[in-house]
Amino acid sequence: MRTNTCQCGARLHFENTLCISCQHELGFLPDARTISALTPIGDNRWKASANNHIYRKCKNYSEHDVCNWMVAEANSQAFCFSCRLSEIIPDLSSPKNFELWRVIERAKRRLLYSLLWLELPIISKQEDAQHGLAFHLMEDQGYSEFAREIPMQNPVMTGHNSGTITLNIAEADPVAREQTRTFMDERYRTLLGHFRHESGHYYWDMLLRNSQRINDFRALFGDERNDYGAVMQAYYANGPVANWQANWISAYASAHPWEDWAETWAHYLHMIDTLETASDYGFDIGDGSDGVASRQQFSAEYLSSISINDLVNEWSNLSVALNDLNRSMGLADAYPFVLSGSIIQKLAFVHAMVINRGA
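Position 185, counted from 1, in the sequence shown is what our numbering calls 185; the numbers after and before it change by one each time, with no gaps.
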């Protein structure tokens, strides 16, 4: 995630809505992929200093202050590109739901930033009901799936189905999420991780389902035509395969080729976004000669030119430093995973699919 610079020279972060230096209101411009200072010109119209274009605030920005994305003046939509993708949101009459929704939308925008940065296709359900993307942010009625001592008959299950990503809003509650992470014996569980994983299922459909590379996928990840329901039932009954760490990024990835792809995809996005952040802050995470050392260097062009081995080397250097920094603060490792040769091969496949847009 790259920071930006206000017209006054102050550093701006992705979620900022006000420059603390010059007091200008701020907005994210999806078409320019940048945060910009805004000057009001009347009737909810704002001139962006980044490009001198005119925008309106997203309705969820102007009315609820849970968004900071802008809508181009020529666009008649009341909501921004990100908020329009949320077809279902929780009941906002509940103060707790409102705060959970705020946290969820923030994580979702970070996912969309990465997808825009990588120039991956993002089509809404309004544009294409069959192939479009949508988000359903839903709460359990009655007892939650997180209250496991009282199972529900129809809990809201986080997952993906035909372009619709459903998220149980309880995932935004850090206590409930940590309880679930511990119960599931997971190394890592975050809202952003959920969104990245589920987006992997969406892009499997978009980039791979009818691709000429489907046989290459099966050679690496396995045959996705194996009965998903039966395989997942066996996974939950028996646990992951023995020594799964040798071939899969997570225990869950070993359950089925679709889940292996989605987990690998999520880790690729973890890697790319965090490397961009490190580059933005000027971290030298290479070997001292050609690492990502400047904020200009880690770009889409750079990503297209670098080999997966060099990319993984840079990520390994950075993730070790991140883990040591966390340990210095008494925190758990930021990236508690090991990338085996088999996993790196799978990351190479994802890397090729991303930079070639599925070709």
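Using N, Cα and C, we set each Cβ at its ideal position, and we do this for glycine too.
> Helix, strand or coil: how does DSSP classify V320 here?
Replying inline: Reading the sequence shown from its first residue, position 320 is the one you call residue 320. Here V320 carries a helix assignment [DSSP, helix/strand/coil].
> If you drop the 5 nearest sequence neighbours on each side, which residues of the same chain put their C-beta closer than 6 angstroms to that of I343?
Replying inline: As a first step, residue 343 is located in the sequence shown; it is residue number 343 there, counting from the start. Once the five neighbours on either side are set aside, the close Cβ partners of I343 are I249.
>> Less than 7 angstroms between C-beta atoms, sequence neighbours within five positions excluded: which residues of the same chain meet that for R181?
In response: Translated into positions along the sequence shown, residue 181 becomes position 181. These residues qualify, in order along the chain: R189.
>> Can you look up S294 in the DSSP assignment and give me helix, strand or coil?
In response: Position 294 of the sequence shown holds residue 294. Unreliable positioning characterises S294 in this predicted model, as indicated by a pLDDT of 46, which lies under 50. The coordinate reading is nonetheless provided below. In the displayed model, S294 falls within coil according to three-state DSSP, outside both helix and strand.
>> Can you find the residues in the same chain that come closer than 7 angstroms, C-beta to C-beta, to L85, ignoring five residues on each side of it along the sequence?
In response: Taking the sequence shown and counting its residues from 1, the one referred to as residue 85 is at position 85. So the qualifying residues of the chain are S124, L133, A134 and F135.
>> Within 8 angstroms, do at least three Cβ pairs link the segment 80-98 to the segment 34-44?
In response: No: fewer than three Cβ pairs fall under 8 angstroms.
>> Measuring straight from C-alpha to C-alpha, what distance separates A237 and S254?
In response: Within the sequence shown, residue 237 is the residue found at index 237, counting from 1. Within the sequence shown, residue 254 is the residue found at index 254, counting from 1. Their Cα atoms are separated by approximately 14 angstroms.
> Do A10 and A32 have their C-beta atoms closer together than 9 angstroms?
Replying inline: Translated into the one-based positions of the sequence shown, residue 10 becomes position 10. Translated into the one-based positions of the sequence shown, residue 32 becomes position 32. Contact: no.
> Would you report the Cα separation of A300 and L192, rounded to the nearest angstrom?
Replying inline: Numbered from 1 along the sequence shown, position 300 holds the residue referred to as residue 300. Numbered from 1 along the sequence shown, position 192 holds the residue referred to as residue 192. Roughly 21 angstroms between the two C-alpha positions.
>> Does the structure place the segment 320-327 close enough to the segment 170-178 that three or more beta carbon pairs sit under 8 angstroms?
In response: Fewer than three beta-carbon pairs drawn from the segment 170-178 and the segment 320-327 are found closer than 8 angstroms, and the two stretches are therefore not classed as touching.
>> Check whether the segment 192-211 and the segment 106-124 touch, using three or more Cβ-Cβ pairs below 8 angstroms as the test.
In response: With a cut-off of 8 angstroms, the segment 106-124 and the segment 192-211 count as touching, because enough Cβ pairs lie within range.
> Would you report the Cα separation of M138 and R102, rounded to the nearest angstrom?
Replying inline: For the purposes of this step, residue 138 is taken as residue 138 along the sequence shown, with counting starting at 1. For the purposes of this step, residue 102 is taken as residue 102 along the sequence shown, with counting starting at 1. Cα to Cα, the separation comes out at about 13 angstroms.
> In or out: W261 buried (at least 16 other Cβ within 10 Å) or exposed?
Replying inline: One-based indexing of the sequence shown puts residue 261 at position 261. Result: buried.
> What is the DSSP secondary structure of A48, counted as helix, strand or coil?
Replying inline: The residue given as residue 48 occupies position 48 in the sequence shown. A48: strand per DSSP, three-state reduction.
>> I'd like to know whether the C-beta atoms of N52 and Y61 end up nearer to each other than 9 angstroms.
In response: Counted from its first residue, the sequence shown places residue 52 at position 52. Counted from its first residue, the sequence shown places residue 61 at position 61. No, they are not a contact pair.
>> Under DSSP, the beta strand (DSSP E) around N238 begins and ends at which residues?
In response: In the sequence shown, the residue the question calls residue 238 occupies position 238. First-last for N238: Y228 to N238, but that is the alpha helix (DSSP H), not the beta strand (DSSP E).
> Would you call P336 buried or exposed, if buried means 16 or more other Cβ atoms sit within 10 Å of its Cβ?
Replying inline: Numbered from 1 along the sequence shown, position 336 holds the residue referred to as residue 336. It is exposed - the Cβ of P336 has fewer than 16 other Cβ atoms within 10 Å.
> With L111 and R196 assumed to form a contact (beta carbons below 8 angstroms), what rounded beta-carbon distance in angstroms separates them?
Replying inline: Here residue 111 refers to the residue found at position 111 when the sequence shown is read from its first residue. Here residue 196 refers to the residue found at position 196 when the sequence shown is read from its first residue. Going by Cβ atoms, the distance from L111 to R196 rounds to 6 angstroms, so yes, they are a contact pair.
> From T5, Y281, E314 and V175, pick the residue whose C-alpha is nearest to that of M271; which is it?
Replying inline: Counting from 1 along the sequence shown, the entry for residue 271 is found at position 271. The residue with the shortest Cα to Cα distance from M271 is E314.
> Exposed or buried, H267, counting other C-beta atoms within 10 Å across all chains shown (16 or more means buried)?
Replying inline: What you label residue 267 is simply residue 267 of the sequence shown in a count that begins at 1. A buried status is given to H267, since no fewer than 16 other beta-carbon atoms sit within 10 Å of its beta-carbon.
> With DSSP run on the structure shown, which of helix, strand or coil describes H383?
Replying inline: Outside the modelled stretch of the chain, which goes from 1 to 359, sits residue 383, for which no answer is possible.
> Using the C-alpha atoms, what's the distance from D140 back to T158?
Replying inline: Along the sequence shown, one-based indexing puts residue 158 at 158. Along the sequence shown, one-based indexing puts residue 140 at 140. Looking at the two C-alpha atoms, the distance is approximately 11 angstroms.
>> Which same chain residues end up closer than 7 angstroms to I308 when comparing Cβ atoms and leaving out the 5 residues on each side of it in sequence?
In response: What you label residue 308 is simply residue 308 of the sequence shown in a count that begins at 1. Same-chain partners within the cutoff: I344, L347, A348 and H351.
> For D65, which option in Q130, G27 and S36 has the closest C-alpha, if you only look at C-alpha atoms?
Replying inline: The residue given as residue 65 occupies position 65 in the sequence shown. Between D65 and the set Q130, G27 and S36, the nearest pair of CA atoms involves G27.
> In its own chain, which residues sit with a C-beta less than 6 angstroms from the C-beta of F79, not counting the 5 before and 5 after it?
Replying inline: Mapped onto the sequence shown, residue 79 falls at position 79. In the same chain as F79, and ignoring 5 residues on each side of it, the C-beta atoms closer than 6 angstroms to its own belong to C58 and K59, in chain order.
> What do you get for S144, buried or exposed, if any count of 16 or more other CB atoms within 10 angstroms of its CB means buried?
Replying inline: The residue given as residue 144 occupies position 144 in the sequence shown. Because S144 sits at a pLDDT of 47, beneath the cut-off of 50, its placement in the model cannot be relied upon, and the point is left open.
> What runs of the alpha helix (DSSP H), each 4 residues or longer, lie entirely inside the segment 183-209?
Replying inline: DSSP runs (the alpha helix (DSSP H)) wholly in the segment 183-209: 191-203.
> Which runs of the beta strand (DSSP E) fall wholly inside the segment 11-57 and span at least 3 residues, in chain order?
Replying inline: You should have 25-29, 34-42, 45-48 and 54-57.
> Cα-Cα, which of N16, C22 and Q23 is closest to I35?
Replying inline: The residue labelled residue 35 in the question sits at position 35 within the sequence shown. For I35, the closest alpha carbon among the candidates N16, C22 and Q23 is that of N16.
> With distances taken from CA atoms, which of N243, Y252 and H256 is nearest A230?
Replying inline: Numbered from its first residue, the sequence shown carries residue 230 at position 230. Comparing alpha carbon positions, the residue from N243, Y252 and H256 closest to A230 is H256.
>> Tell me which residue opens and which closes the beta strand (DSSP E) that A134 is part of.
In response: Start at 1 with the first residue of the sequence shown, and residue 134 comes out as number 134. Under the DSSP assignment, A134 falls in the beta strand (DSSP E) whose first and last residues are A134 to M138.
> In three-state terms, what does DSSP make of S279?
Replying inline: What you label residue 279 is simply residue 279 of the sequence shown in a count that begins at 1. Per DSSP, reduced to three states, the secondary structure at S279 is helical.
> Helix, strand or coil: which one does DSSP assign to A334?
Replying inline: On the sequence shown, position 334 is the one that residue 334 refers to. DSSP places A334 in coil when its eight states are reduced to three.
> Among the residues of its own chain, which have a CB less than 7 angstroms from the CB of E73, if the five just before and after it don't count?
Replying inline: Translated into positions along the sequence shown, residue 73 becomes position 73. Exclusion of the five residues before and after E73 leaves R45, I54, Y55 and R56 as the residues of its chain whose Cβ lies within less than 7 angstroms of its Cβ.
> Roughly how many whole angstroms lie between the Cα atoms of Q7 and A37?
Replying inline: Here residue 7 is taken as the residue at index 7 of the sequence shown, counted from 1. Here residue 37 is taken as the residue at index 37 of the sequence shown, counted from 1. The C-alpha of Q7 lies about 7 angstroms from the C-alpha of A37.
> CA-CA distance, R327 and D333?
Replying inline: For this step, residue 327 is matched to residue 327 along the sequence shown. For this step, residue 333 is matched to residue 333 along the sequence shown. Going from the Cα of R327 to the Cα of D333 covers about 7 angstroms.
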